[in-house]
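The structure appears below as structure tokens.
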Amino acid sequence: MRSRDTLSVLFLILVFAGICPAWAAEPTNSDCLECHGEASRSDDPKIPRLESQTLPGSVHGNLTCIECHAGIASLPHSKPLQRTDCSSCHEKQADAYRLSVHGLRPFTGDIERDAEEAAKCVDCHGTHDTQPVALFRAPSHRLDIPDRCGECHPDIATTYRKSVHGQAAGAGTVDAPICTDCHGEHTITSPSDPTSRVAPRNIPTTCAACHEGESFASKYGLQTRRFSTYLSSYHGVVNRYGKMAVANCASCHGVHDIRPSVDPQSAIHPDNLGNTCGACHPGVEESLAGVRIHVEPTPESSRGMYYVRTFYTYFIGILMICFVAYITIEIYGTLRRRRS
Amino acid sequence: MKDPGGKVLRFTLNERFQHLALMICVVLLVITGLSLRFADTWLGRAVISLEGGIEARGVLHRLGAIGLILLSAYHFLYVVFTERGHNQLMAIRPAGRDFRDLLATMKINLGMNSAVPRFDRFDFRQKFQYWAVGLGVFSMVFTGLVLWFESPSMAVLPKWVFDLTQVIHSSEGLLIFVVLFLWHIYDAHLRPGVFPMDHTWLTGRLTKEELHERHPREYERLFDAEEEEVEK
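Chains as they are written, first to last, in our numbering: chain D, 123 to 462; chain E, 8 to 239.
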């Protein structure tokens, strides 16, 4: 009996699921394309047109128009349409976006005005031609991202393209850092937000992704251990605690305008280094010009530091051995005297 | 210096206050300093948060430094310009006999034949501690000032000297910690005969018997001459 009940319920669900769309007479994609397609029956130039193959060629090819353009019950529809809401399917991404610097910009609800405001899903992902994420991140598309961001941030994009990172990206180096590698994607936040990947406290970790380990270093001839040598400095220690203003990577190397030390325009070019340090430490402009910073103390690179450290290690070790030996002998002597 | 209770005053109130001030400053400096050296360990993080954060840690460290510098200046004036201080300094001068006393002490403890060393006002352990502290304070104050005023220092000193100063200040701090906590705690608290604590640093006094046992040559100088006088 029970299985028959289940079956009949299932049957009813299936029937309604099949009937409902027809019953509500919701417009199909071809209905929409009657006005919005290439072969529109209207010649009103204000009506937006869509090539019939654009949507089927996108990652959303199996969606119906009204799944994004909600609120259309019958045709012709009234205007304005509801704003498309990606969050009904992409909840996690939307939640992250809402807390980002773009998402926190207040929307007015007026489509025309909002279009002028901060970047929304479609500004980065496109509209009817949205591609799968894998392709968006693929080498062929990855390096286009600075252009996308540059549409709203043209000055930064220009600066970036002249930097060592932008030059590498422009030359087609797939691993070259692009905007999203440092700023994040949906979670992009202002540097003043302590959770931001580019907040002063987090910048060293962000840069460390490429400038610490061997993999990038051996591939592109970079120096390794830029992060750990920074961390062992006073700047690095205090930066980890995040309260005081100390130099992080960007303070000396720049932000979007990072250039290699051999570039005369670089903030860390030997001729400019003194002035870069002098920004926080007045008076050091001349004495620090051309010095080497965050060097690993190996016997080759910084002999003095290496030997002084080694000296202290042995000195403290030997001293401890002497103390322990003296104490042991004294206790032994005391016990021996007591026994006799 | 004797007092009627059969006890001998070894350290005046002034000297005991100097020791107390030194203790407070050095403990504060060691805690706030080593927590920076080990800032990337769980213990370092815990101590820094107890100190009120990385910024407050620096303020406390500098307060301790000011205390230590003032104390050092006072102590310098004390041993140079007061008669009492000068005599103490003369008594704590290292001498060849201190090394012989050390060897003799070791031999006796090991059961070898040796004459029992007869200490004067300060024995070799006390002299070692005084001069170790002296050298330590001198180098720490000097390197510490270089790091405190980092911009003028870097303007004057080559970068590698500044880097070395950091290494020396940090390593010397660890050295002082080892001397204090391995040696001085043993010497003043745990050594057979003084456990749980040698009270001289608070009372400034030893009994005549203790003085006779620990510093026989000073005892002789103080009392044998007196007894001779009484006999006359």
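All C-beta atoms in this analysis are idealised placements derived from N, C-alpha and C, irrespective of residue type, glycine included.
Would you say residue i lies against chain D (beta-carbon separation less than 7 Å)?
{"i": "residue 21 of chain E", "result": "no"}
{"i": "residue 3 of chain E", "result": "Outside the shown range of chain E, which is 8 to 239, sits residue 3 of chain E, and nothing can be said about it."}
{"i": "residue 134 of chain E", "result": "no"}
{"i": "residue 62 of chain E", "result": "yes"}
{"i": "residue 114 of chain E", "result": "no"}
{"i": "residue 204 of chain E", "result": "no"}
{"i": "residue 174 of chain E", "result": "yes"}
{"i": "residue 178 of chain E", "result": "yes"}
{"i": "residue 130 of chain E", "result": "no"}
{"i": "residue 185 of chain E", "result": "yes"}
{"i": "residue 137 of chain E", "result": "no"}
{"i": "residue 171 of chain E", "result": "yes"}
In its own chain, which residues sit with a C-beta less than 6 Å from the C-beta of residue i, not counting the 5 before and 5 after it?
{"i": "residue 159 of chain D", "result": "174"}
{"i": "residue 92 of chain E", "result": "85, 86"}
{"i": "residue 351 of chain D", "result": "416, 418"}
{"i": "residue 96 of chain E", "result": "86"}
{"i": "residue 151 of chain D", "result": "186, 187"}
Taking 8 Å as the limit between beta carbons, can you name the residues of its chain near residue i, skipping five residues before and five after?
{"i": "residue 217 of chain D", "result": "209"}
{"i": "residue 108 of chain E", "result": "124, 126, 130, 131"}
{"i": "residue 349 of chain D", "result": "326, 327, 329, 330, 333, 334"}
{"i": "residue 396 of chain D", "result": "406, 407, 408, 409, 410, 411, 412"}
{"i": "residue 241 of chain E", "result": "The structure shown does not extend to residue 241 of chain E, since chain E spans only 8 to 239, so no value can be given for it."}
{"i": "residue 148 of chain E", "result": "72, 75, 76, 79"}
What is the residue span of the alpha helix (DSSP H) that residue i lies within?
{"i": "residue 458 of chain D", "result": "425–461"}
{"i": "residue 159 of chain E", "result": "157–163"}
{"i": "residue 217 of chain D", "result": "213–220"}
{"i": "residue 366 of chain D", "result": "Where residue 366 of chain D is concerned, there is no enclosing alpha helix (DSSP H), given that its DSSP letter is neither H nor E."}
{"i": "residue 88 of chain E", "result": "60–88"}
In the DSSP output, which residue or residues are listed as bridge partners for residue i?
{"i": "residue 16 of chain E", "result": "E:212"}
Taking 7 Å as the threshold (beta carbon to beta carbon), is residue i in contact with chain E?
{"i": "residue 350 of chain D", "result": "no"}
{"i": "residue 403 of chain D", "result": "yes"}
{"i": "residue 409 of chain D", "result": "yes"}
{"i": "residue 456 of chain D", "result": "yes"}
{"i": "residue 426 of chain D", "result": "yes"}
{"i": "residue 363 of chain D", "result": "yes"}
{"i": "residue 360 of chain D", "result": "yes"}
{"i": "residue 451 of chain D", "result": "yes"}
{"i": "residue 438 of chain D", "result": "yes"}
{"i": "residue 429 of chain D", "result": "no"}
{"i": "residue 434 of chain D", "result": "yes"}
Does the beta carbon of residue i fall short of 6 Å from some heavy atom of the ligand HEM?
{"i": "residue 18 of chain E", "result": "Annotation note on the ligand HEM: not contained in the displayed structure, which lists no ligands."}
Who are the Cβ neighbours of residue i in its own chain at under 7 Å, not counting the five residues just before and after it?
{"i": "residue 121 of chain E", "result": "111, 114, 115"}
{"i": "residue 267 of chain D", "result": "300, 301, 302"}
{"i": "residue 368 of chain D", "result": "357, 360, 361"}
{"i": "residue 306 of chain D", "result": "319"}
{"i": "residue 374 of chain D", "result": "389, 390, 398"}
*asked:* Tell me whether the stretch 134–154 of chain E and the stretch 398–416 of chain D touch, counting them as touching only if at least three CB pairs, one residue from each stretch, are closer than 8 Å.
replied: For the pair of segments examined, the stretch 134–154 of chain E was found not to touch the stretch 398–416 of chain D: the number of CB pairs separated by less than 8 Å stays below three.
_Segment contact, 8 Å Cβ cut-off, at least three pairs: the stretch 59–68 of chain E with the stretch 102–120 of chain E_ = Taking a cut-off of 8 Å for Cβ pairs, the stretch 59–68 of chain E and the stretch 102–120 of chain E do not touch, as fewer than three such pairs fall below it.
*So, do the stretch 172–181 of chain E and the stretch 430–440 of chain D have three or more beta carbon pairs nearer to each other than 8 Å?*
The stretch 430–440 of chain D and the stretch 172–181 of chain E touch, with three or more beta-carbon pairs separated by less than 8 Å.
*Are three or more beta carbon pairs between the stretch 189–202 of chain E and the stretch 446–461 of chain D nearer than 8 Å?*
Short answer: they touch.
*Within the chosen definition, does the stretch 299–312 of chain D reach the stretch 259–277 of chain D through at least 3 CB pairs nearer than 8 Å?*
They touch, by the three-pair rule.
*Should the stretch 47–55 of chain E be called in touch with the stretch 202–210 of chain E, which here means at least 3 C-beta pairs below 8 Å?*
Taking 8 Å as the limit for Cβ pairs, the verdict is that the stretch 202–210 of chain E does not touch the stretch 47–55 of chain E.
_With three or more C-beta pairs closer than 8 Å as the rule, is the stretch 336–347 of chain D touching the stretch 275–283 of chain D?_
Flag = no, the stretch 275–283 of chain D and the stretch 336–347 of chain D do not touch.
*asked:* With three or more beta-carbon pairs closer than 8 Å as the criterion, would you say the stretch 176–189 of chain E touches the stretch 25–42 of chain E?
replied: Because the criterion of three Cβ pairs below 8 Å is met, the stretch 176–189 of chain E and the stretch 25–42 of chain E touch.
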